[in-house]
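Heads up, the sequence shown is in our numbering, so the first residue is 10 and it goes up one at a time. For reference, the structure is listed below as structure tokens.
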Amino acid sequence: MTATERPSREEVLLVALGGNALIRKGQAGLIEEQFQNLRAPLGQVARLSREYRIIVTHGNGPQVGNLLLQQECCDAVPRLPLEILVAQTQGQIGYMIESTLDNELMALGLDGQQLLVTLLSYVVVDHQDPAFLNPSKPIGPVFPEEVAKRLPYPTVWTPKGFRRVVASPRPLTIVEKKEIKKLIEAGFLVIACGGGGIPVIKESRAFHGVDAVIDKDLASAKLAEEVGVDVFVIATDVEGVAIGYGTEKEHYVGMLQIDEARRYLKAGEFPAGSMGPKVEAAVLFVERCGKRAVIASIDAIEAAVKGKAGTQFVP
Ligand code: ADP
Ligand code: MG
């Protein structure tokens with residue numbers, strides 16, 4: 010099928026929402042702001058649900074970092090490990106997405122026609138992943154350099170400012186992939202793999218949580234592959250992928266062939282922790298599944314699905 014033909018509702022669309030779908034640049038992250046910010050992307054998801062079966066995944070960088078900071082501000086109760094905080098963000102953000110989506114479906118007169126479910130999701134990682142020795146995932150609030158220098162944990166410079174970093178091992182498999190596939194086949198719109206999933210390692214038959222935050226774009230690509238998605242959209246706060254980002258020569262590209270994208274990745278065109286994992290996720294999905302991936306703005310999800318916005322990744 011070409012991008013412009015009308016899909017049947019058999020096709021599965023995965024929309025990965027960036028953390029900025031909840032907290033936009035310059036906002037403090039008040040809960041009212043987060044609910045308000047979700048309306049535009051989820052209004053589009055509600056309209057798309059008439060044509061596609063849908064999986065929504067989401068980031069949790071700002072939220073999980075804020076929870077960690079809150080732990081450290083209080084000695085009256087025991088501190089919780091990162092794995093538990095990731096689980097908490099699946100609950101809090103899952104609730105916000107599900108209830109906002111419900112309202113948007115109601116506004117379209119689709120209430121009761123689209124069943125929603127938010128699923129706690131574990132993602133298996135390798136306990137020997139080198140990422141455990143080299144924290145790279147930015148979480149929590151942005152600090153000025155002077156403050157960042159004095160913090161008792163590692164920080165990294167990002168285009169948004171200095172942020173705390175934690176280990177981010179690669180996702181190996183989504184534990185609930187069969188459940189998610191069955192729910193999609195049964196007609197549910199599924200919210201899963203929140204914050205990249207609760208990171209676990211497998212020891213014989215048991216799972217153990219580990220102190221890390223998996224990149225949500227890489228986890229989404231793995232889920233898209235394991236469930237068999239037809240279109241994979243990564244929705245963020247820029248219009249797509251730029252070459253020469255932040256330089257005089259900066260220009261956004263409408264289409265990238267995967268070997269071309271790989272060359273840019275190798276040349277260090279896209280930074281770790283932001284555009285790097287998005288491009289890698291899109292490339293991995295297209296390479297393994299031969300289907301379409303798009304990186305686009307959260308305000309242009311529908312246009313991106315129709316092939317009319319964002320950067321389209323093609324085999
Ligand atoms: P999300 O919360 O959606 O995961 P990120 O902040 O992780 O968002 O990634 C999106 C950011 O990537 C953009 O806001 C932009 O500042 C940055 N970025 C870095 N390199 C590029 C590039 N080559 N093209 C576009 N954006 C880029
Ligand atoms: Mg990100």
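For each residue, glycine too, the CB sits at the ideal point set by N, CA and C.
Alpha carbon to alpha carbon, how far is residue i from residue j?
i    : j    : result
D220 : G118 : 43 angstroms
N112 : D246 : 23 angstroms
E278 : I252 : 7 angstroms
P69  : D268 : One point to set straight first is that residue 69 is Asn, not Pro, in the sequence displayed. Distance between the alpha carbons of N69 and D268: 30 angstroms.
V175 : L160 : 14 angstroms
F141 : P178 : 7 angstroms
H260 : I307 : 19 angstroms
K228 : A195 : The question names Lys, yet the displayed sequence has Ala at residue 228. Cα to Cα, A228 sits roughly 23 angstroms from A195.
S58  : H136 : 38 angstroms
Q99  : K225 : 12 angstroms
G52  : L114 : 8 angstroms
W166 : S283 : 12 angstroms
V295 : V238 : 11 angstroms
R325 : V242 : This structure does not reach residue 325, given that the chain is present from 10 up to 324, and the question cannot be answered.
Assign residue i to one of two classes, buried (16 or more other C-beta atoms within 10 Å of its C-beta) or exposed (fewer than that).
i    : result
G7   : The question about residue 7 has no answer, for the chain in this structure spans 10 to 324.
K258 : exposed
G203 : buried
A276 : exposed
R214 : exposed
E185 : buried
Y61  : buried
T66  : buried
E289 : buried
A305 : buried
L265 : buried
L78  : exposed
Which stretch, first to last residue, makes up the alpha helix (DSSP H) that contains residue i?
i    : result
A270 : I267 to K275
G52  : I40 to L57
K158 : E154 to K158
I210 : No alpha helix (DSSP H) contains I210, which is instead part of the beta strand (DSSP E) from I207 to E212.
A313 : I310 to V314
Along the chain, where does the beta strand (DSSP E) that runs through residue i open and close?
i    : result
T98  : It is not in any beta strand (DSSP E) - T98 instead sits in the alpha helix (DSSP H) that spans L91 to A116.
V21  : V21 to L26
V374 : Residue 374 falls outside the range modelled here, since the chain spans only 10 to 324, and no answer is possible.
A230 : First-last for A230: K225 to V236, but that is the alpha helix (DSSP H), not the beta strand (DSSP E).
G170 : G170 to V175
*asked:* Between the region 103 to 111 and the region 77 to 95, can you find at least three pairs of beta-carbon atoms closer than 8 angstroms?
replied: no
*Is the region 224 to 236 touching the region 150 to 158 in the sense that three or more CB pairs, one from each, lie closer than 8 angstroms?*
no
*Below 8 angstroms, can you find three or more Cβ-Cβ pairs linking the region 179 to 196 to the region 125 to 144?*
yes
_Segment contact flag, the region 81 to 91 with the region 44 to 63, C-beta cutoff 8 angstroms, min 3 pairs_ = no
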